[in-house]
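Worksheet for the structure shown next.
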Amino acid sequence: MAADRRPSEVFVSRRNILFGAGALVWTGLLGRLAQLQLLDGEELREKAADNEVRFDLDPPSRGRILDRFGLPLADHRQAGRIAIIREQAGDMDTVLAEISKTVDLSPERREAITRRARNQAAFLQTEVARELTYEEFARLSIHAAQLPGVVVEIGDTRSYPRGRDFAHVLGYVARASQKDINALTLNALDLTTAERRLLDEIEYGEWDHHAAIDRAIRGDQTDIRRNQLANRWSDVASEVNRLYKHPDMRTGRSGVEATCNSWLTGTRGARAVVTNAAGRIIERVPDADRATVPGKDVALTIDSELQRAAINRFGDETGACVVIDVESGDVLALVSTPAFDPNDFVNGISQADYDLLRNNPDSPLYHKAFDGVYPPGSTFKMVVATAALEAGVVSPTERIRCNGRYRLGRRTWSCWKKEGHGPVNLHEALKGSCDTYFYEISRRTGVDKIADVARRFGFGRSWSHLGLTGGARGVVPDPAWKEANRGEPWQQGETLNYGIGQGFLTSTPLQLATMTAQLARGGRPSVPQMLGIGPQFSIERGEEATLDEEIIAMMQRGMYGVTSEGGGTALRSGDLGLGGPRMAGKTGTAQVRYISQAERRSGVIKNEDLERRLRDHALFVGYAPHDDPKLAISVIVEHGGSGSRAAGPVARDIMAEALRLDSRREPSWQRLAGRPSLGDAGSDRG
Amino acid sequence: MTYIHDAERQSGRRYANTQASMSFMGSSGLGGLSWGLVALLTMTALIGTAMLYSTTQAGSGAEADLWQRHLTRFGIGLVAMISLALVPLPIWFRLSYIVYFGALVLLVAVEFAGSVRGGAQRWLEIGPIAIQPSEPMKVALTLALARYYHSALAKVPTDAVRHHLVAAMIILVPAALIFMQPDFGTTLALVASGGVIVFLSGLRKEIIGAFALLGIVSVPLIYTFVLADYQKERVDTFITQLSGGDESQSLSEGYQIEQARIAIGSGGLTGKGYMQGTQTKLEYIPEQHTDFILTVIAEELGFVGAAGLMLIWAAILVWCLLIAGRCSERFGRFAAAGVAATLGFYIVFNVGMVIGLLPVVGVPMPLVSYGGTAMMTIMVAFGLILSADLHRDSRMPEGGLL
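Chains S and R are the protein sequences, given in the same order. Just so we're aligned, residue 1304 is where the first sequence starts under this note's numbering, counting upward by one. Just so we're aligned, residue 131 is where the second sequence starts under this note's numbering, counting upward by one.
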């Protein structure tokens, strides 16, 4: 077959078609390439830059919390920490074994670290230990050069240099939980009420898809707004989530740390870093960083020296103490003892340690000064007397006979003084704390009037603007309250209990302090303040009101008598070692257990003979100096027995210390001109 | 030099060989080799090596010695290519069917005994070496078709349809086997380059038109009934991309394509500089040392680099087709043109995929992408072309299957 040994024309013409087709295809490819590289180049170059540069959140350092004179109560402390990068470490076990020569690491802990490292991207840090001692840090820093993948660095940690002293006031910080993140997100969103409602609907509401479509067709914008809101929520939430994943980030859980959280937190910045597709940082780009705004400091009105002295004075006793500057309302000491150490909470407290705190019968977690409610006992007698004088049911000079008992109907009430006070007028009744006198005048005054005056003295209300979390209101009982809460009508006998500050009536040590300050101010209400510099919270309007100056003057004279005149129940507590000026005050004893008639007859068991938890609480309220009141104090010694013996001397010593330290002198911070006063509607919510 | 044809059956016209004036014709020793073509191939492989070196500089990217292995393979391939070029074309002719059936056996073996890598059963492990039988099939198919048409066209008029039915069988059997692996890209390249040989053989234009129509009609049918889910996804992604779709896809094929587009586009006219590509260095581009190596060239060397590579390939392919035209016998013509078509389709598929004009089919850029079997196939293919050129006047043996 030698027929075909030359190229056929068919082949050549077809090959030429192929040339043409190839040229066409090549032109197309080159055209597209040119379009991408020459025409779209600019836009795509920007996208490539976006790809490379990532912004890493740079957490702001948390603001400090200072005392009245600028001493730090909550500070940031630099602490060494050691972390490991799995990818670079090679054999984790070897490296961890090497580290454990310096830092104590149990085998379980090592295993947990290895497990944690395996569960995240290989180039991320896994924390091995924090809070390194100086020596550990120094040793490891030198060592780290030889240990592959080991990072020794300084982190920012919250510290509370005063430890337990300010546990309840400051609260503490902790790593943000999911609940915290939700709350922080909500806070950052700053929603209107309508938006809040929409958000709640998204979360809890039933979503009817078809109905939503119908609404959209009708031009109803609700669902669109709802979607936008849900998107905003998820954007902000993811950002908050990212920020709070940083090992240095904490959020306030209670106390000032919680209420002033956003003030203290500051604004996060961003560090520009070049990353690869897997997210690993290749290099930093400092020029593109966004500055971090550190959190602002908060200054309190409290004098940390006085606070420490007051806590020391309590010693092993448990209880609470509040010292208030009479003129400004500044809280100078806010003590609840025993307390916990907030430093233990910063890195998470172990369940065992937490259980120990929670099961402690002395309730160290409980803020007794603000959350604790106690019957005010005889410290309430100024309120009853004021109510009686205001109602005009008794004159200051009228004498009421006390023979140790008071009979109403078939029941008998006892005076604390079994043999009786004899005939006493108002002044003597206050001075000697005669129960019989107060049974009589409270019966005459009536429950409603007493409740009214109690509220005007600031009972039954809490102060939410102080920067504290929690806050008990206590109970100012009246017939309506009893009907609502017990479903029973008011008994006249209960009015008599009211008269000596017992029964359903309860109050907080802070309320007792503001009541005392109001007495010391000649009846003008005292608004406590605790934040010197910090967010301005609006003050809830309460029912407190100015009381009759003349009546209050009589109360002041009575309180002076208590500590300074013959027959006074707290004669030992009046002398502050100042010479002339003394402390005026009132003792109180709050029953913890009910004393039966049988016991009364057979003689009341002495407190000292009772189990501690059944003993009476001892109370004392007072102000000083008596002739020019500057400071008001309330003290409660739990299960202390009698007010005059247990609480009075404590109050006296703390008051003397406050005067000696001159705690109420001008603070180191500038008092804000527009400080909120009663009824102001402030704006900044922390 | 002019050939005087004998009674050419269809036209009877004279044909002037346009390549008649090539100066080194006639020699069948090393001196007669198309050294210019060898130089172009070497240049391409060196570009590939340089780009592979660049990709190994990415953070934790490819193994550091990729470029060395690429270069070594090319060196070995070069020696093999030149040796094969010296093999007389009649020997290629005699071996054509054996090679074809051998490759077919391997493909069947893969179906039963192949190992699965990356979800596809493409590899056959024989002792320490793993090969992809679909690679040798590319050359084998060309050889078989060239031999078939060489003999068939000598007997019957070119426009007789029945030759082409046999040719279609030769193409479709291996294509079907490769499709089942599954390897859509290779299947497509195989069918397309086989189709080119059929086209060159002189199949009537009306029939070509009919097939083209059939092809267009069958696209939706193939999509619906033939393609696997992941293949459909690639097509979907491609269509989404073409219609300027969603740029936020980040985990799917769309991500790869979008990142490739960003890498290419950000290169601009002259690129970010050798080894300075951010997209590729930061590993935003998967498969950058294999199928997507063009992104590295485009990003680092810009339009100049990418278009330059395209032009080098255009020159190589034109050269191959000119060699085809110079062959005195059909076997050489079809073999050279078939190999050129195969390479051409590879380049078109690869570039089209990388710049987002075609779906992601997973086809490497010849000589530039990293990959051993593909490199060997390409070198053997060029060995064939060079042999066809060197032995362009050899007479093929007549008759017999072997």
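Every residue gets a Cβ at the ideal spot worked out from N, C-alpha and C, and that includes glycine. Note that this is a predicted model, so its numbers are computed, not measured.
Give a yes or no on whether 9 Å exceeds the smallest Cβ distance from residue i to chain R.
i, result
"K1671 (chain S)", "no"
"E1560 (chain S)", "no"
"I1385 (chain S)", "no"
"D1551 (chain S)", "no"
"R1260 (chain S)", "Because chain S is modelled from 1304 through 1989, residue 1260 (chain S) falls outside the range shown and cannot be assessed."
"A1351 (chain S)", "yes"
"Q1340 (chain S)", "yes"
"D1658 (chain S)", "no"
"V1576 (chain S)", "no"
What are the boundary residues of the beta strand (DSSP E) that includes residue i?
i, result
"Q1428 (chain S)", "Q1428 to L1435"
"H1999 (chain S)", "Nothing can be reported for residue 1999 (chain S): it is not among the residues displayed for chain S, which extend from 1304 to 1989."
"W1793 (chain S)", "No beta strand (DSSP E) contains W1793 (chain S), which DSSP labels as neither H nor E."
"F1840 (chain S)", "Note, F1840 (chain S): premise wrong, no beta strand (DSSP E); not H, not E."
"R277 (chain R)", "Unbroken run through R277 (chain R) is the alpha helix (DSSP H), S264 to K285; no beta strand (DSSP E)."
"L1635 (chain S)", "V1634 to T1640"
"R1714 (chain S)", "R1714 to S1717"
"K1404 (chain S)", "Per DSSP, K1404 (chain S) belongs to no beta strand (DSSP E) and is neither H nor E."
Taking 9 Å as the CB-CB limit, is residue i close to chain S?
i, result
"A297 (chain R)", "no"
"E429 (chain R)", "yes"
"A322 (chain R)", "no"
"S378 (chain R)", "Note that S378 (chain R) has pLDDT 40, beneath the 50 cutoff, so the model's placement of it is unreliable and the number below is only indicative. For S378 (chain R), the answer is no, since every Cβ of chain S falls outside 9 Å of its Cβ."
"S184 (chain R)", "no"
"F433 (chain R)", "yes"
"L170 (chain R)", "no"
In chain S, which residues lie with their C-beta within 8 Å of the C-beta of residue i?
i, result
"M173 (chain R)", "Neighbours of M173 (chain R) on chain S: none; closest Cβ ~18 Å, over 8 Å."
"V326 (chain R)", "L1321"
"M440 (chain R)", "W1329, L1332, L1333 and L1336"
"V478 (chain R)", "V1328 and L1332"
"A436 (chain R)", "L1336 and Q1340"
So which residues of chain R does residue i contact, with C-beta pairs closer than 7 Å?
i, result
"K1404 (chain S)", "Ordered by position in chain R, no residue passes the 7 Å Cβ test against K1404 (chain S), which lies about 30 Å from the chain."
"G1325 (chain S)", "L447 and G474"
"D1343 (chain S)", "G395"
Quick one: what's got a C-beta closer than 8 Å to residue i's C-beta in the same chain, skipping five residues either side?
i, result
"S517 (chain R)", "L214, A215, L216, V217, P218, L219 and W222"
"F1648 (chain S)", "Y1475, V1476, A1477 and R1556"
Over what stretch of residues does the alpha helix (DSSP H) that includes residue i continue unbroken?
i, result
"Q1391 (chain S)", "R1389 to A1392"
"R1357 (chain S)", "Careful: R1357 (chain S) lies outside any alpha helix (DSSP H), inside the beta strand (DSSP E) at V1356 to D1361."
"D1647 (chain S)", "N1646 to V1649"
"G1458 (chain S)", "Segment V1453 to S1462 is the beta strand (DSSP E) holding G1458 (chain S); no alpha helix (DSSP H) there."
"G1323 (chain S)", "E1312 to A1337"
Please list the partners that residue i has in chain S, where partner means a Cβ-to-Cβ separation under 9 Å.
i, result
"R224 (chain R)", "Here the premise fails: no neighbours, minimum Cβ distance about 16 Å."
"F242 (chain R)", "In chain order: nothing, as chain S lies at least about 38 Å away."
For a contact meaning CB atoms closer than 9 Å, what does residue i contact in chain R?
i, result
"F1314 (chain S)", "L330, S331, G332, A454, G455, R460, R463, F464 and A467"
Going along chain R, which residues have a C-beta under 8 Å from residue i?
i, result
"G1452 (chain S)", "Neighbours of G1452 (chain S) on chain R: none; closest Cβ ~14 Å, over 8 Å."
"D1590 (chain S)", "Residues of chain R passing the Cβ test: none, with the nearest at roughly 17 Å."
Listing by chain order, which chain S residues have their CB less than 7 Å from the CB of residue i?
i, result
"I392 (chain R)", "L1347, K1350, A1351 and N1354"
"V481 (chain R)", "L1332"
"A444 (chain R)", "W1329"
Skipping 5 residues on each side, what residues in its chain have a beta carbon closer than 7 Å to that of residue i?
i, result
"D1359 (chain S)", "A1573, R1574 and V1576"
"R277 (chain R)", "F223, S226, Y227 and F461"
"A1491 (chain S)", "V1539 and V1543"
"Q406 (chain R)", "E430"
Considering only heavy atoms of the ligand NAD, does any lie closer than 8 Å to the CB of residue i?
i, result
"N1662 (chain S)", "Ligands are entirely absent from the displayed structure, and the ligand NAD is therefore not among its contents."
Return the chain-ordered list of same chain residues with a C-beta closer than 6 Å to the C-beta of residue i, the five sequence neighbours on each side being excluded.
i, result
"F433 (chain R)", "L399"
"L1399 (chain S)", "R1413"
"S1971 (chain S)", "F1372 and G1373"
"F1314 (chain S)", "none"
"R1827 (chain S)", "T1849"
> Would the region 387-397 of chain R and the region 438-448 of chain R be scored as touching if the rule is three or more Cβ pairs under 8 Å?
Replying inline: No contact exists between the region 387-397 of chain R and the region 438-448 of chain R.
>> Does the structure place the region 1682-1696 of chain S close enough to the region 1843-1858 of chain S that three or more beta carbon pairs sit under 8 Å?
In response: yes
>> Measuring CB atoms only, is the region 1325-1345 of chain S touching the region 1424-1435 of chain S, in the sense that at least three cross pairs come out at less than 8 Å?
In response: no
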